[in-house]
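Accompanying notes for the structure given below.
Chains as they are written, first to last, in my numbering: chain S, 1 to 568; chain G, 1001 to 1568.
Printed below as a string of structure tokens:
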């Protein structure tokens, strides 16, 4: 480590920037560390905007604060972390040869040069604004800055009965839908794809999640392409190819784009689709210049993906910051990359994904198998349990776990993060089944749902479990074939909720061995129950009795993303 | 796989037994599978007893039921799983040469022989009843069977104002304490060791947990050895070496012992301290005889432990059952062993451990380092966050993660189980810090607590963070040395809660760089804050200014297991 004080210049004051600057000062107290930020504020927690709008914070200032309520100002950073912050200061260009950055002070309008030994680009991202005519009308907002947050808050006040249209059903879109619905608004999400969260969930889980969101009163308009906006100055509606949705306020949440222009203009290598390329130490193609956070594109830890991943998240930005600061200070701690883990909560339901989806795995040419398990997250005698669904995706070749998707009002997040660790450590399905996941009734049934899910997929690969994903079952049902839908639940359960199809035959599992003669051997039989543990048992019972065209529907009725018939 | 139908005999009807039997029938529908159970009932969920007694179930029958409310009777197993269950049937001895088991039918009193091709011992465990005079008095209960559950329920009815004494502050002891306290009883836990959960937590976390349990009105009598009981037929008190605790009911929860006598008498290899020895397929020293669940002793997945572990848990019993059934049916799926993961919830606080504790690691001769991190489980603007503490234990030699302990009213269980996966996959601290744990505000701050904890320990090993575990700090404080306790919190925080020690100096972190002259360089300075992120910053600031006798107290005031002074 050099004894001479380094000049470290950091551009960008949200997550990666302050993290890098603070860590450099801790590692090398003598280093001269300056952070410049083009806006007037630093360390804004944009992830909190939906929760601010839902009413969890008194003021948007909360999103600038430390956990004990101290606002993160330039003075705060100087006094507690020991580095200098210059706000309203925007980098104009990088002179790599002379190692200096031309900056403009927006307060004075003056330009000046700032020298660096190490430069850190943490310029972040900006919301993508699609070039739709009229998108610059008033009350059309992206969700990124505190001005956005306050603008939305002002434009919906008072919210009761007002109409919000959200364009894009990704993470921010569904979080915003919940926030605005909770404030009493009429909310519609317009999504171009035929499912929500197309980048995150497979169609089956996305459709199950959509059912939940709709049941909470949000209107989902899927497969609708926005072509324009009505209204004079202020927006009054969102026009799609098919219809128009009235709107008092419009939220545009169709993704973000990396702020990589400064790097591109300086000749640093960037991804053709956007994002500064970095190595595992956060170095760009110029080793004296680092980049991290939303402006950079990540290597994936998933060797099977063989692709750079643009997954802009505060968690990754902070990891980058630490790795960069360490490397600047002579401590090499390479970053292994991201795994595309995503999560959100909407109306009490957790949705998440790690690794790759079934669809992605197929697109990569994998021989892929996946299975959906649905069931309670705790023993039935615990009062606060809830159902969760887990879909595991694995390679048929070596049973490597490629990804996991979760959903549910139960504790789905824990199972997602254990799966994340399993994918990180290149586990196969047998490994997952062996993890000594903690067990006590307030936390899980004796066999943890993640372990059960690994068993179902293992059984499927071993040819024991003839499981059909809900989509596969639906396709067979919709083909009009003369099949049997065998419901093996108890009479009480059958009375309360049913599959709305006149091909349903109801034989409780406990009676199945005695009533085999009621079933034909020359028709396809699709067995199911509430969550399909009994559906699987029924398949095994029937096969044992010589039926060879038997399947069960994975996830059962709780995991069924389509219509069910309820009584009473 | 043999085409001839195997005779599989399973002894024991709680967890491992039924799991093995059901799985064998699914894998080999033609196999003759019989399960015998010495009591009149099968599949009792003993883990649910505290929750039944707390009032979560209408009847103890709930603990025999499937998640959809079907009672698991012999008929249930025959009809849905296809194997035969004979209750009130107790194995007397095993004739290994002739491959048959002598059994006694308790209904008829008759004995008979049952032949087997494969025998599975799933004989479970029984509560350890210490040989204390008077322990056979009425209203002294162990917690194992449905009779115990109903007995306790009857003996406390009505519970309000009655006194319960619980002997043993392990998992079941604290779960029972909560259950009986919630029912309105006066509850005392008597524990021989000077901490709760001596097998699970280090002293510091145990003491923090004890503070929480006491604050919920349970009396903890630590370091008290029980020597007798008062009362004629019915117990009226528990006598220790020092005092007597009045008691209307006594719960004895000082551990369980494996039911390995049948195996021992048959000459199967057992551990000297109890437990049938099995290999990774569940085979005993006789390859035709398997054992699993609470009667068996496990290999540990932790190569660094080099020891067999007796950790009787329903989760492990089910894993055993699957591995045994697979092996019986020609599918080899070796079990990698257990990691000693334990968890419980008491008055809303989660307590858990995986791998080994600091104390255990030291006893094994490791150069061990550990660090305690305390902080919120979610961003401060989320309404439902809570504090959690994470203590990580690692080898100084190679930074291998050896274990993790967690505690908190926030979501500590998730961090425990990710750590469990990390230990399973032999992660080092840098690996842990790189896991792409899911991030969104309803689930975690941008840097997940587990990742932060790994950073603290890494910083400590790198000599950056001069952290002291609470116990180490307390020892220095108690030594009477002329030290400075530097509280760097805000004035508002200081007004609300303080360390009760007249050596405290209060300088908010933001003023520290300007007020350095108020601190002496010739005294040891122990800095702290609410959770000690700022304590760590203060240590760095002071070192930077030439103070070389500076430490910070890990976990801060939230993680401080001893007395603090509150205002108002």
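Virtual Cβ for every residue (Gly too), placed ideally from N, Cα, C.
Per DSSP, residue 437(S) lies in no beta strand (DSSP E) segment and is marked neither H nor E. In the DSSP annotation of this structure, the continuous segment of the alpha helix (DSSP H) that includes residue 1022(G) starts and ends at 1016–1027. Within the same chain, Cβ atoms closer than 6 Å to the Cβ of residue 50(S) are found at 175, 176, 179, the five residues on either side in sequence being excluded.
Between residue 1413(G) and residue 443(S), the C-beta gap is smaller than 7 Å, which places the two residues in contact.
Counting C-beta pairs closer than 8 Å gives fewer than three between the segment 1141–1152 of chain G and the segment 1271–1280 of chain G, which falls short of the contact rule. Shown here, residue 1076(G) sits in a helix according to DSSP, grouped into three states. Burial check for residue 1391(G): the Cβ neighbour count within 10 Å reaches 16 or more, so the residue is buried.
With respect to residue 314(S), residue 47(S) sits close: the two C-beta atoms are nearer than 7 Å. Taking 8 Å as the upper bound for CB-CB distance, residue 256(S) and residue 438(S) are not in contact here, some 37 Å apart. Listed in chain order, the positions of the segment 1327–1351 of chain G with a beta carbon within less than 9 Å of a beta carbon of chain S are 1331, 1333, 1334, 1335, 1336, 1337, 1338, 1339, 1340, 1341, 1342, 1343, 1344, 1345, 1350. For residue 1270(G), the beta-bridge partners assigned by DSSP are 1276(G).
The contact set of residue 281(S) on chain G, defined by CB atoms closer than 9 Å, is empty, because the minimum CB distance reaches about 13 Å. For residue 1457(G) and residue 1389(G), the gap between their C-alpha atoms comes out near 13 Å. Closer than 7 Å to the CB of residue 374(S) there is not a single CB belonging to chain G.
In the DSSP assignment, residue 459(S) falls outside any beta strand (DSSP E) and within the unbroken alpha helix (DSSP H) covering 449–461.
In this structure, the straight-line span from the alpha carbon of residue 1101(G) to that of residue 1112(G) is close to 8 Å. The continuous alpha helix (DSSP H) containing residue 1319(G) extends over residues 1314–1328. Taken through DSSP and simplified to helix, strand or coil, residue 1529(G) comes out as coil. Residue pairing for residue 289(S): DSSP places it in a beta bridge opposite 119(S). A buried status is given to residue 1038(G), since no fewer than 16 other beta-carbon atoms sit within 10 Å of its beta-carbon. Contact of residue 7(S) with chain G is not assigned, every C-beta pair being separated by 7 Å or more. Counting the other CB atoms within 10 Å of its CB gives residue 533(S) a total of 16 or more, which places it among the buried residues. Taking the Cβ atoms as the reference, residue 1526(G) lies roughly 6 Å from residue 1483(G), within the contact range of under 8 Å. Sequence-distant partners of residue 1076(G) (beyond 5 residues in either direction) whose C-beta falls short of 7 Å from its own C-beta, in its chain, are 1070.
By the Cβ test, the segment 1359–1373 of chain G is not in contact with the segment 1427–1438 of chain G, since fewer than three Cβ pairs between them sit closer than 8 Å. Taking a Cβ-Cβ cut-off of 9 Å, residue 1105(G) has no neighbours in chain S, whose nearest Cβ is about 25 Å from it. At least 7 Å separates the CB of residue 73(S) from every CB of chain G. Counting every other CB atom within 10 Å of its CB across the protein chains shown gives residue 496(S) a total below 16, marking it as exposed.
Separation of the CB atoms of residue 1339(G) and residue 1423(G) is rounded to 6 Å, and the pair is thereby assigned contact status at 8 Å. The DSSP-derived three-state label of residue 1309(G) is strand. When C-beta distances to chain G are compared with 8 Å, the residues of the segment 376–389 of chain S below that value are 376, 379, 380, 381, 382, 383, in chain order. Proximity of chain S to residue 1314(G) at the Cβ level (cut-off 7 Å) is accounted for by 439, 446, in chain order. Just measuring C-alpha positions, the residue of 299(S), 225(S), 193(S), 212(S) sitting nearest residue 309(S) is 299(S). Taking residue 1381(G) as the centre and dropping the five residues before and after it, the same chain places the C-beta of 1441 closer than 8 Å to its C-beta, in chain order. Cα atoms of residue 1012(G) and residue 213(S): separation of roughly 46 Å, rounded to the nearest angstrom.
The beta carbon of residue 1172(G) sits closer than 6 Å to those of 1143, 1253, all from its chain and outside the five residues before and after it, given in chain order.
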